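Novice:
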Amino acid sequence: MRLSSVFGIIKMAAVIVLLLLGGLIAFAFLKPGPQDVPWTALRLGDPVGIFTGRKIAALTAQREQCIGLLRNAGLVVEALPPLRLSEQCAAPDRVRLAPGQAMLVLSPTSVAPSCPVVAATAVWHWQVLQPAAQRIFGTSLREIEHLGSFSCRRIYGRETGTWSEHATADALDVSGFVLADGRRISVVRDWSDTGDKGTFLRIARDGACGLFATVLSPDYNAAHRDHFHLDQAERGSMRWRVCR
Ligand SMILES: [Zn+2]
Numbered sequence: 001m002r003l004s005s006v007f008g009i010i011k012m013a014a015v016i017v018l019l020l021l022g023g024l025i026a027f028a029f030l031k032p033g034p035q036d037v038p039w040t041a042l043r044l045g046d047p048v049g050i051f052t053g054r055k056i057a058a059l060t061a062q063r064e065q066c067i068g069l070l071r072n073a074g075l076v077v078e079a080l081p082p083l084r085l086s087e088q089c090a091a092p093d094r095v096r097l098a099p100g101q102a103m104l105v106l107s108p109t110s111v112a113p114s115c116p117v118v119a120a121t122a123v124w125h126w127q128v129l130q131p132a133a134q135r136i137f138g139t140s141l142r143e144i145e146h147l148g149s150f151s152c153r154r155i156y157g158r159e160t161g162t163w164s165e166h167a168t169a170d171a172l173d174v175s176g177f178v179l180a181d182g183r184r185i186s187v188v189r190d191w192s193d194t195g196d197k198g199t200f201l202r203i204a205r206d207g208a209c210g211l212f213a214t215v216l217s218p219d220y221n222a223a224h225r226d227h228f229h230l231d232q233a234e235r236g237s238m239r240w241r242v243c244r
């Protein structure tokens, strides 16, 4: 073997060793939590990390695993039987939160979105909304008010075109929030507020973006002036991914 090629091999090995060392040092310094690395199991009580949204989206069609995560996080949930009205209007994966558990209240309580939507809503409540309510209003968040989940219709209720994520219960329309002291923050009334309520709503919208596949707020269009549309459309599919 020629001397130059031996040097070449040594040089390449040195570069690889340096890269590995650099990676290890970066890992030790940054101390990423389980939410920041792709290979750890999702836990809904962990802070939101780079991979949280992707891990929640991966729960689609993983019904048992998803329900297990909700229960491990302390939620009492009822797994509802699949609902099938037609080919397009079918919700195989609905779960309903048992009423009377303060850690996550959707109002009205009868709503039964798909499990990944409930999982994302739980993380949103615990990691985004609750800290924001404490910081801004000095009190906790009691309820998320919504306009429903399952609805057998196309987007915007049109006669033709793409079916809505609501047709599979893979969406939730959130209209407002109620604090522990009874104060209400409403999307339609407070979105243009320049004070605390408007700030809270913007933090809520922006914080939903890493957790849901699609987030539409009053900034998106007039059809969303009174609610946030949050859905868990499969990422990487034909569906667009919007956060606005
Ligand atoms: Zn919607």
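Under UniProt numbering, the first residue of the sequence shown carries the number 1, and numbering increases by one thereafter. Beta carbons: idealized from backbone N, C-alpha and C, even for Gly. Since the structure is predicted, the reported quantities are computational estimates derived from the model, not experimental observations.
1) Can you list, in chain order, the residues of its chain with a C-beta nearer than 8 Å to that of E143? Leave out the 5 residues immediately preceding and following it.
2) Distance check for D46 and C209, CA to CA, integer angstroms please.
3) So is P38 buried or exposed if we call it buried at 16+ other beta carbons inside 10 Å?
4) Go through its chain and collect everything with a Cβ distance to D226's Cβ below 7 Å, but skip five positions before and after it.
5) Opposite L216 in the DSSP bridges: which residues?
6) Quick one: residues in its chain with C-beta nearer than 7 Å to the C-beta of Y156, no 5 flanking neighbours on either side, listed in chain order?
7) Decide if T121 is buried, meaning its Cβ has at least 16 other Cβ atoms within 10 Å, or exposed.
8) Once the 5 residues before and after T52 are set aside, which same chain residues still bring their CB inside 6 Å of it?
9) For ligand 1, I want to know if A173 counts as a neighbour, meaning its beta carbon is within less than 7 Å of at least one of the ligand's heavy atoms.
10) Cutting at 6 Å between CB atoms, please list the residues of its own chain near L42, excluding the five before and the five after it.
11) For W163, tell me which candidate among G207, M12, A233 has the shortest Cα-Cα distance.
12) Do you know how far the Cα of R96 is from the Cα of M103?
13) Report the three-state DSSP secondary structure of G68 (helix, strand or coil).
14) Can you look up M238 in the DSSP assignment and give me helix, strand or coil?
15) Taking 7 Å as the cut-off, is the beta-carbon of H166 closer than that to any non-hydrogen atom of ligand 1?
16) Going by alpha carbons, who is nearest to P81 out of A73, L230, A90?
17) Taking one C-beta from the region 192 to 204 and one from the region 70 to 81 each time, how about it: are there three or more such pairs within less than 8 Å?
18) Mapping the DSSP letters down to three states, classify W126 as helix, strand or coil.
19) With distances taken between CB atoms, is the gap from L172 to V117 smaller than 8 Å?
20) Hey, is H229 close to ligand 1, as in C-beta under 7 Å from one of its heavy atoms?
21) Give the DSSP bridge partners of D173, in chain order.
Specialist: By the coordinates alone:
1) By 1-based counting over the sequence shown, the position of residue 143 is 143. Taken in chain order, the residues that qualify are V105, L106, S107, F177, V178.
2) Within the sequence shown, the letter at position 209 stands for residue 209. Within the sequence shown, the letter at position 46 stands for residue 46. Taking the straight line from one Cα to the other gives about 17 Å.
3) As a first step, residue 38 is located in the sequence shown; it is residue number 38 there, counting from the start. Around the CB of P38, fewer than 16 other CB atoms lie within 10 Å, so the residue is classed as exposed.
4) As a first step, residue 226 is located in the sequence shown; it is residue number 226 there, counting from the start. Here D226 has S175, V187, V188 as same chain residues with Cβ atoms under 7 Å from its own Cβ, once five neighbours each way along the sequence are excluded.
5) Your numbering for residue 216 matches position 216 in the sequence shown. Beta-bridge pairing links L216 to H229.
6) Taking the sequence shown and counting its residues from 1, the one referred to as residue 156 is at position 156. If the five residues before and after Y156 are omitted, its C-beta is found closer than 7 Å to the C-beta atoms of A223, all from its own chain and listed in chain order.
7) For this step, residue 121 is matched to residue 121 along the sequence shown. Buried: at least 16 other Cβ atoms inside 10 Å.
8) In the sequence shown, counting from the first residue as 1, residue 52 sits at position 52. Once the five neighbours on either side are set aside, the close Cβ partners of T52 are Q35.
9) In the sequence shown, the residue the question calls residue 173 occupies position 173. Note that residue 173 corresponds to Asp in the displayed sequence, not to Ala. It does: the Cβ of D173 is within 7 Å (strictly closer) of some heavy atom of ligand 1.
10) Locating residue 42 in the sequence shown gives position 42, where the first residue counts as 1. K55.
11) Mapped onto the sequence shown, residue 163 falls at position 163. Cα-wise, what sits closest to W163 is A233.
12) Here residue 103 is taken as the residue at index 103 of the sequence shown, counted from 1. Here residue 96 is taken as the residue at index 96 of the sequence shown, counted from 1. Approximately 14 Å between the Cα atoms of the pair.
13) The count along the sequence shown starts at 1 and reaches residue 68 at position 68. In this structure, G68 counts as helix in the three-state DSSP scheme.
14) As a working note, residue 238 is residue 238 in the sequence shown. At M238 the pLDDT is 47, less than 50, meaning the model places this residue with poor confidence; the figure from the coordinates comes in the next sentence. Correct three-state label for M238: coil.
15) Reading the sequence shown from its first residue, position 166 is the one you call residue 166. Checking every heavy atom of ligand 1 against the Cβ of H166, one is found closer than 7 Å.
16) By 1-based counting over the sequence shown, the position of residue 81 is 81. It is A90 whose Cα lies nearest to the Cα of P81.
17) Judged by Cβ distances under 8 Å, the region 192 to 204 makes no contact with the region 70 to 81, as fewer than three pairs qualify.
18) Along the sequence shown, read from residue 1 onward, the residue named residue 126 stands at position 126. W126 falls in the helix class under three-state DSSP.
19) Counting from 1 along the sequence shown, the entry for residue 172 is found at position 172. Counting from 1 along the sequence shown, the entry for residue 117 is found at position 117. A contact, by the Cβ cut-off of 8 Å.
20) Here the question's residue 229 lines up with position 229 in the sequence shown. Yes; taking the cut-off as 7 Å, the Cβ of H229 has a heavy atom of ligand 1 nearer than that.
21) The sequence position of residue 173 within the sequence shown is 173, counting from 1. In DSSP, D173 forms a bridge with G148, H229.
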